[in-house]
Every structure is written in C-alpha cells, then in structure tokens.
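In the numbering used here, the protein residues as written are 3 to 213. Using N, Cα and C, we set each Cβ at its ideal position, and we do this for glycine too. Keep in mind that this is a model prediction, so the values were computed, not measured. Read the structure below first, then the notes.
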Amino acid sequence: MDTENTKNPVSSMTDADLLRQYRQGQEWAFRELVNRYKDSLYAFLRRFVSQQDLVEDVFQETFLQLYTSQDSFDVDRPLRPWLFTIAANKAKDALRKMQRQSSMSMGTLADAGDVSIDEVVNILTSYETTPDDEVSRDETARRVREIIADMPENLRGILILAYFEQFSYKHMSEILSIPIGTVKSRLHTAVVHFMKKWKAANRGTDNYGVS
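Structure follows, in structure tokens:
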C-alpha cells in the first residue's frame, strides 16, 4: 500500500485553512483545531491554575470561546497566541472568583545579579532529564510545582509562558496585554523570585533539591 496515499490531508492544513473551513460550517475543522492544541493548552493551565476542577473549567471555556467566535475571528491572526490569551485571562478570572491569593531569549536576563539563568533552566528541567533517579526527579518536580503555584499570579504566568511554552516577548506582550518592556522586567522579577524561593526551600540540599 502506498503510504503517501494513506496520509490524512487534514494534518497538513494550516490553522487558517481549518478556521476557514469551520466558518463554512465544517465541524470537523474545529475538532482538528482542538486536537492540535488541547495537550499544550491543558499543560499550560495545569501549571497556571493547579486546581484540577478549575483547570477543567477553564479548558472547556477556552475552546467554547473559539467555537462561538467563528464569525468574528480573524483567520490571518495566529491562533496559538490567541488561545493562550483567552486561557490566561479566564484562568486569572477563575482564581479571583475562588478568592485565592496569587498574592525570547532568556539570555537577555543574564544581568539578574547573582541569579544564573542557566541555574534556573537546570532546576526547571532537572526532573525531566534524570530518569535514572525517579525519587530525585519526583521530589524536584514537586518542589518546582509548589514554588510556581505560590508565586504571585503575574509572575507565575509570565514564567510559564516564557519557559514552559517558549513564547516570544512579542507574543507574551499580546497574551498579557502589556508592553514588551514590561514583559522583560516582569520576567526578570519572576526569575529572581523563583530562585530566591528555590534556594530558601532547598537549604542543606544539593543543586537539585535532594538531600
């Protein structure tokens, strides 16, 4: 059988193509868009919100807004930043309703005093790159999640967008509705905040938070 002929042509369509199809009433196009972004969006919300019930609610509401925006959405506008903008705004609204206090080029942040960007990256990736030591990896992951979850909302959000989702300054500016200069300064603050909390939580342990 010719494998070229068995490929799904839908997978080669751009987001804009799918949005145009959806505007014409093709529900399969919407389902394909959901399939493309559901995993990354869900992972983003889990880091941003932490509470599982809120994650589920915001996840559904985000795609519902896409579903109901078929007539107004600009198909020439990149979809991914738009989705994350909606998700971030809805996540912040959900956190406020629950009355929970939430209080790219990373190299440009190298002027963060005694904070090493490489050190931050090593911490955030260590639990993903040490499969030979499951206990160490799980403990590091737990501590990273706790510190990020306890960060003020504005710092937590920008750290997740910059590191985990790897958005550019421009896209982070659009998602958060703040100037690029504010993105840079806030990300700097977030990195410093994370490192201070990490060092305080791991006094007496090795570089990856394991005694």
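Where residue i sits in the DSSP three-state scheme
i: Thr16; result: coil
i: Pro83; result: helix
i: Leu76; result: With the sequence shown as reference, residue 76 is identified as Asp, and Leu is not the correct amino acid for it. Of the three classes helix, strand and coil, the one that applies to Asp76 here is coil, per DSSP.
i: Asn209; result: For Asn209, the pLDDT reaches just 46, beneath the cut-off of 50, and the residue's location in the model is therefore unreliable, leaving the point undetermined.
i: Asn37; result: helix
i: Ser52; result: coil
i: Pro217; result: Examination of residue 217 is not possible in this model, given that the chain is present from 3 through 213 alone.
i: Gln23; result: helix
i: Ser175; result: helix
i: Gln28; result: coil
i: Ser300; result: Beyond the ends of the chain as shown, which are 3 and 213, falls residue 300; an answer cannot be given.
Chain D contact for residue i (CB, 8 Å cutoff)
i: Val194; result: Of the protein chains in this structure there is only one, and it is not chain D.
Bounding residues of the alpha helix (DSSP H) (the contiguous stretch that carries residue i)
i: Phe169; result: Run containing Phe169: none; DSSP gives neither H nor E here.
i: Asn219; result: Past the boundaries of the shown model lies residue 219; the chain is included only from 3 to 213, so the question cannot be answered.
i: Ser187; result: Ile182 to Ala203
Is the segment 43-50 touching the segment 84-100 in the sense that three or more CB pairs, one from each, lie closer than 8 Å?
In the pairwise beta carbon analysis, the segment 84-100 is classified as touching the segment 43-50: at least three pairs are separated by under 8 Å.
Between the segment 159-169 and the segment 72-86, do three or more beta carbon pairs fall short of 8 Å?
Yes: at least three Cβ pairs fall under 8 Å.
Does the segment 147-157 touch the segment 190-200, meaning 3 or more C-beta pairs lie closer than 8 Å?
Result yes; three or more Cβ-Cβ pairs closer than 8 Å.
With three or more C-beta pairs closer than 8 Å as the rule, is the segment 11-24 touching the segment 50-67?
Too few Cβ pairs lie closer than 8 Å, so no.
Count the CB pairs spanning the segment 70-81 and the segment 178-187 that are closer than 8 Å, and state whether there are at least three.
Taking 8 Å as the limit for Cβ pairs, the verdict is that the segment 178-187 does not touch the segment 70-81.
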